[in-house]
């Protein structure tokens, strides 16, 4: 069964600190992996997308890594800001899997406090 | 990146009424649009996939007669919740893709539905 597991479920950090969010998946065949940021009451916004051959991808203070062998990904946030408080969702796309190619994780709820 | 809008952003209605939610792709032609539902602290759950000009494909457990989807043009899809009940209260999010099912999906800002 295609699944995406994220950890931790929630996280509280002080402003300015770094943090790393984890994503493990069992989706096969793998097409790509995306990290989204979802603010409360808003739709998800794409942060990064990585295909099988990519190990790391950066977008400003966000750096995503992918290990396709172990089927793990991480999202590292550097020098966190209050505006980083949101849910971060890991989404894995299955290749050619019909109508439901996207498999969503439940997200990690990040709270950045002053 | 591509922009997807939804209208309304939030709606409150009485039980038994029908509610229509619009999803528009503002700067690209969306071959495929998706409708999701998200309950508090849960991940997005795909409800249906619609291709322009054809009938929507619904996920297992989603009542097609209750959640009517119309994708009449390449920039507009609508979701109508018919005879809404309190258990239909949720956050409804659409996404749009310009390509196949595995292409990048751009998400709308969501619509918060509260049925009293």
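Protein chains in written order, with this note's numbering: chain A, 1 to 114; chain B, 1 to 116.
Ideal placement from N, C-alpha and C gives every residue a C-beta, glycine not left out.
Discussion item. Less than 6 Å between C-beta atoms, sequence neighbours within five positions excluded: which residues of the same chain meet that for residue 91(B)?
Written reply: 38, 110 and 112
Worksheet item: With distances taken from CA atoms, which of 110(A), 17(A), 114(A) and 29(A) is nearest residue 89(A)?
Response: 110(A)
Worksheet item: Relative to the alpha-carbon of residue 51(B), which residue among 33(B), 59(B), 43(B) and 62(B) has its alpha-carbon at the smallest distance?
Response: 33(B)
Practice prompt. Name, in chain order, the residues that DSSP records as bridge partners for residue 34(B).
Written response: 49(B) and 95(B)
Fill in: Cut-off 6 Å between Cβ atoms - residues of its own chain near residue 101(B), not counting five sequence neighbours on either side
Confidence in residue 101(B) is poor, its pLDDT being 49 and thus under 50, which makes the residue's placement unreliable; the coordinate value appears in the next sentence. Closer than 6 Å at the Cβ level, and outside the excluded window around residue 101(B), lies no residue.
Worksheet entry | C-alpha distance - residue 85(A) paired with residue 71(B), whole-angstrom precision | 34 Å
Practice prompt. Please say whether residue 78(A) and residue 61(A) have beta carbons closer to each other than 8 Å?
Written response: yes
Worksheet entry | 8 Å Cβ cutoff, residue 71(A) in contact with chain B | no
Worksheet item: Going by alpha carbons, who is nearest to residue 112(A) out of 92(A), 36(A), 87(A) and 91(A)?
Response: 87(A)
Worksheet item: Would a C-beta distance cut-off of 8 Å place residue 75(A) and residue 50(A) closer than the cut-off?
Response: no
Discussion item. If we define contact as Cβ-Cβ less than 8 Å, is residue 106(A) a contact residue for chain B?
Written reply: yes
Discussion item. Give me the DSSP bridge partner(s) of residue 35(A).
Written reply: 48(A) and 90(A)
Item to complete: Check residue 18(B) in the structure and name its three-state DSSP category.
Response: coil
Item to complete: Anything in chain E within Cβ reach of residue 43(B), meaning under 8 Å, just list it in chain order.
Response: Among the chains of the structure shown, chain E does not appear; the protein chains present are A and B.
Worksheet item: Taking 8 Å as the CB-CB limit, is residue 118(A) close to chain B?
Response: Look at the range of chain A in this structure, 1 to 114, and you will see that residue 118(A) is not part of it.
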